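Numbering follows this note's numbering, with no gaps: position 38 of the sequence shown is 176. Idealized CB from N, CA, C, for every residue including glycine. None of these values were measured; they are calculated from a predicted model. Note sheet for the following structure.
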Amino acid sequence: MVVKNEIERKRNEVPKLREENRLISGNFKDNRGRLPWPTEKGVIVNPFGEQHHPVLKGVIVQNNGVDISTYSNAKVFSIFEGEVKKVFSFLGANYTVIVRHGEYLTLYQNLATVYVKPGDKIKAKQELGSLYSESNSKTSVLHLEIWEESSKLNPEMWLLKN
Numbered sequence: 139m140v141v142k143n144e145i146e147r148k149r150n151e152v153p154k155l156r157e158e159n160r161l162i163s164g165n166f167k168d169n170r171g172r173l174p175w176p177t178e179k180g181v182i183v184n185p186f187g188e189q190h191h192p193v194l195k196g197v198i199v200q201n202n203g204v205d206i207s208t209y210s211n212a213k214v215f216s217i218f219e220g221e222v223k224k225v226f227s228f229l230g231a232n233y234t235v236i237v238r239h240g241e242y243l244t245l246y247q248n249l250a251t252v253y254v255k256p257g258d259k260i261k262a263k264q265e266l267g268s269l270y271s272e273s274n275s276k277t278s279v280l281h282l283e284i285w286e287e288s289s290k291l292n293p294e295m296w297l298l299k300n
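Take a look at the structure:
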């Protein structure tokens with residue numbers, strides 16, 4: 139919802155991108171398939187797009203990103219340089235960080251701790267925070283989304299292949 143609000147705000151604003159943002163967008167786009175993973179280790183457990191619900195027959199669920207399973211309380215890193223636009227939390231999702239990379243946005247969800255704030259300029263591979271984990275769990279799951287303004291993109295196509 140917050141990503142949609144940010145996208146709608148930008149669409150209505152229709153500002154011309156500053157040259158710096160155009161360069162960042164170009165660099166981001168040029169790195170498709172070569173961006174670093176947001177966790178040190180991990181595996182995609184829920185892919186992008188429509189999927190059949192694992193338990194409920196006939197139910198289709200939409201995933202706007204990918205879910206990456208990794209070790210408990212793992213560190214989360216930015217996949218590209220940019221500016222932190224929002225840090226927020228809502229019930230059931232812990233903290234979410236949205237980073238703008240020119241015309242692109244990345245969303246990192248399910249963080250327990252956050253080390254950045256809105257307005258921070260960040261570098262690629264900069265630590266954003268650490269993942270939430272249940273007290274008795276040995277794993278954590280990061281939800282990652284990539285948007286080109288209002289278009290959802292499949293993060294698997296952008297991340298470096300393992």
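Pairwise C-alpha distance: residue j and residue i
{"i": "residue 167", "j": "residue 175", "result": "16 angstroms"}
{"i": "residue 186", "j": "residue 173", "result": "17 angstroms"}
{"i": "residue 283", "j": "residue 245", "result": "5 angstroms"}
{"i": "residue 312", "j": "residue 247", "result": "Any question about residue 312 goes unanswered here, given that the chain covers just 139 to 300."}
{"i": "residue 276", "j": "residue 165", "result": "36 angstroms"}
{"i": "residue 178", "j": "residue 227", "result": "24 angstroms"}
Same chain only: Cβ atoms within 6 angstroms of residue i, ignoring 5 sequence neighbours per side
{"i": "residue 184", "result": "201 and 205"}
{"i": "residue 189", "result": "199"}
Cβ shell of residue i (< 8 angstroms), same chain only, five flanking positions each side left out
{"i": "residue 250", "result": "211, 232, 233, 267, 268, 269, 270 and 271"}
{"i": "residue 255", "result": "222 and 225"}
{"i": "residue 180", "result": "206, 207, 208, 212 and 280"}
Status (buried if at least 16 other CB within 10 Å, exposed otherwise) for residue i
{"i": "residue 274", "result": "exposed"}
{"i": "residue 203", "result": "buried"}
For residue i, the residue or residues it bridges with in DSSP
{"i": "residue 238", "result": "221 and 243"}
{"i": "residue 278", "result": "208"}
{"i": "residue 213", "result": "268"}
Own chain partners of residue i with C-beta closer than 7 angstroms, once the 5 adjacent residues on each side are dropped
{"i": "residue 295", "result": "170 and 171"}
* Counting pairs of beta carbons, one from the region 184 to 200 and one from the region 234 to 245, are three or more of them closer than 8 angstroms? -> Short answer: they don't touch.
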